[in-house]
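Protein sequence lines correspond, in order, to chains A and B. Mapping of the first sequence onto our numbering: position 109 corresponds to residue 109, and the numbering continues sequentially without gaps. Mapping of the second sequence onto our numbering: position 270 corresponds to residue 270, and the numbering continues sequentially without gaps. Cβ atoms here follow ideal geometry from the backbone N, Cα and C, with glycine treated the same way. Values in this document were obtained by computation on a predicted structure and should not be read as measured data. Worksheet: the structure to be examined is printed underneath.
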Amino acid sequence: MARRTLELPDSVPLSPIIDLWDQQDPDGPDATGIYDFYRNLADGELTGQKCLSCGKLVFPPQIICPSCNSTELEWVKVPEEGELYAFTELKLGAPIIVENYAPFVIAVARFGNYPENGFQISGMMFDESYEELKIGDRITWDILEIKGPGDKKRYWYYFKKL
Amino acid sequence: MRNVAIVGAGITKFGVREASWKDLVQEAGKAVFDDVPNLDKKEIDSLIVGAAQPERWVNQTHVAPLVAELLGIEVKRVISRTEVACASGQAAIRYAWLAVAMGLSDIAMVVGVEKMNTKFMNFSQSSMINVGNREFDGANGFTAPPFFALVAQRHMHDFGTTREQLAMIRVKNAEYGSYNPYAQFQKKVSVEKVIESRMVAPPLTLFDCSAITDGACALILASEEKARQLTDTPVWIVGGVQHVDYAHTTNQMGDLSHWVGLRKAARDLYEMLNIKPDDIDIAEVHDCFTISEILEYEELGFCRKGEGGKFIEEGQSYVGGKVAVNPGGGLLSNGHPLGATGVRQAWEMVMQFRGEVPKERYVDNAELGIAHNLSGMAQLHHIMAYSLKKRSDVKFGR
Ligand SMILES: [Zn+2]
């Protein structure tokens, strides 16, 4: 008697859990109240928020100010010029989805007058090596277009040396 | 609060194991049951399982009842799994301690376990981006090695810590690991060997990093009355603290070369126990990377801020120095199976206080030990204190 078999598909789609840019949607069940952050990136701006009630800067963006619980938050552009605070270059063990770009620099930069009135943000740097950078270098952010998988197009940011 | 003691401890070999998650749980369970031969399993009324990412690495959730089944214990009082990433194990001890201290449980079991080595190693590593803020830092490739590399770079920049001093941490912990038959790595190394190992994320090389490890460890906690029936050498849990500032994402972290959360946690613990850093004989600390142990010397108050590098260079953290730090070999030698690590630190305390470790890493006459576990990108710090002497003067609450 022939053994019963179950035939499975040749491949299964990329699991979203290994996708680094697991951004939410503007509407539907995966909607997020901070979706304007992504719209702003698509429009060319990296933004944080300023609380209209207590005046504190908020990053990453949220729907409620964690300091005063106000829901009145306005988008503010992250200053274009910042300072390289710390950096390394990921040479081993890069996340699967960006393995082909490794090694790349991972940095933390400060924009504005951090921490009182500024932001401290992490970011990738391409076409730069660890050896050529130094703490205190002037840097800027720019928009990164993430193409794929398939027709998908999303926007993120990266840092570059001025 | 009732006094609570650890009356039994059991561990598996740590490493790249040809064993499943469930195999590891059973091995650790058997090891602890063998350690407390006069314990009737039926007396265990509670179970807490420390496990960080079983749903990703072995695709299993709801793990606490699975562990109860595997170990053949019927839980009547408290059962749960704890998850705070790299400190999931210490969290499990903390809740078991609280259950027994409050009188809800008389005998509680703790199991810490992680199976991280699978056929899909880059998937295991990629999973670590979820420990930080996935949407905002994870998206930039922020796994643990690059984050701690930034901490190392800033500490070197701000305080003049040297590459060699980082390596000296591994040299010390490798030496003690060489006397620990359960450790993943049991070979001594030199400063040169650490510096010349493969670059992971500068300034950190492979030997500056703890490994991706499989392992499990289990404890039996008991009320004082039950403890007296089960062992002649109870190891008392005398205190515990945790501290997290509202810092999970880079923007909230401030200066990376300062771990303010640990500084505050240590201050709280010392106040709770009315002790000074000098009173600590053994410290198992979270050396997930060499730089971590240097910051921990400073924030725990073993030396002044910025002088952690000098502290290891002077040999002050060796057995026989000012305080014996990681005489079990630390995460660097044992490996770091996330959920098991905090429990392994407590296992080391039990073995030290009972005098059941090789003499080369034995801390003679030790009375008070602390175990420090950190989680994620050092956002959250956890400390527990263990002692051969029970304490009646501990100030819980304010
Ligand atoms: Zn506000």
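Against chain B, with Cβ distances strictly below 9 angstroms, would T88 of chain A count as a contact? yes
Listed in chain order, which residues of the segment 115 to 126 of chain B have Cβ atoms closer than 8 angstroms to some Cβ of chain A? N122, F123, Q125 and S126
Touching by the beta-carbon criterion (3+ pairs, under 8 angstroms), the segment 198 to 210 of chain B and the segment 290 to 310 of chain B: yes
Would you decide whether P327 of chain B is buried or exposed? Buried here means 16 or more other CB atoms lie within 10 Å of its CB. buried
Beta-carbon separation (whole angstroms), E296 of chain B vs E348 of chain B, contact threshold 8 angstroms: That belief does not hold up - the Cβ atoms of E296 of chain B and E348 of chain B are roughly 16 angstroms apart, past 8 angstroms.
Are any of the Cβ atoms in chain A nearer than 9 angstroms to that of V194 of chain B? no
CB contact check: Q120 of chain A to chain B, cutoff 9 angstroms: yes
Which residues bound the alpha helix (DSSP H) around F123 of chain B? M121 to S126
Can you check which of these residues, B:W236, B:L374, B:L150 and B:T213, is closest to K389 of chain B by C-alpha distance? B:W236
Among B:H286, B:D255 and B:I107, whose alpha-carbon lies nearest the alpha-carbon of S333 of chain B? B:H286
Contact test: C86 of chain B Cβ vs ligand 2 heavy atom, cutoff 8 angstroms: In the structure on display, ligand 2 does not appear, and the ligands it does have are ligand 1.
Helix or strand or just coil, what does DSSP make of L52 of chain A? coil
With respect to 8 angstroms, is the separation between the Cβ of G48 of chain A and the closest non-hydrogen atom of ligand 1 below this value? no
Using 10 angstroms around the beta-carbon of C68 of chain A, count the other beta-carbons present and answer buried if the total reaches 16, otherwise exposed. exposed
Kindly list the residues whose CB is nearer than 7 angstroms to the CB of I11 of chain B, restricted to its own chain and excluding five residues on each side of it in sequence; keep chain order. A28, A31, Y182, C217, R344 and W347
With burial defined as no fewer than 16 other Cβ atoms inside 10 Å of the residue's Cβ, what is the status of V25 of chain B: buried or exposed? buried
Using a Cβ distance threshold of 8 angstroms, determine whether the segment 336 to 343 of chain B contacts the segment 38 to 47 of chain B, with at least three qualifying pairs required. no
How many whole angstroms separate the CB atoms of R354 of chain B and Y176 of chain B, which I take to be in contact at a CB cut-off of 8 angstroms? Actually they do not touch by this definition, with Cβ atoms about 17 angstroms apart.
Relative to the alpha-carbon of G72 of chain B, which residue among B:L98, B:M109, B:S88 and B:S80 has its alpha-carbon at the smallest distance? B:M109
Contact with chain B by Q23 of chain A, beta-carbon distance below 9 angstroms: yes
Endpoints, beta strand (DSSP E) assigned at V241 of chain B: V235 to V244
Determine whether the Cβ of A149 of chain B lies closer than 9 angstroms to any Cβ atom of chain A. yes
Report the start-end ranges of each alpha helix (DSSP H) in the segment 5 to 49 of chain B that is 4 residues or longer and not cut off at the edges. 21 to 35
State the beta-bridge partners of D25 of chain A as determined by DSSP. A:A31
Can you give the Cα-Cα distance for R2 of chain B and T47 of chain A, rounded to whole angstroms? 52 angstroms
Extent of the continuous beta strand (DSSP E) to which Q120 of chain A belongs: N117 to M125
Nearest-residue set for ligand 1, Cβ under 6 angstroms from any heavy atom: A:C51, A:S53, A:C54, A:K56, A:C65, A:S67, A:C68 and A:S70
Opening and closing residue of the alpha helix (DSSP H) in which G89 of chain B lies: S88 to A101
Taking only beta-carbon atoms, is L204 of chain B less than 9 angstroms away from chain A? yes
What number of angstroms, rounded off, separates the C-alpha of P203 of chain A from the C-alpha of A107 of chain A? Residue 203 of chain A is absent from the model: chain A starts at 1 and stops at 162.
In terms of alpha-carbon separation, which member of B:G138, B:E313 and B:L98 lies closest to R77 of chain B? B:L98
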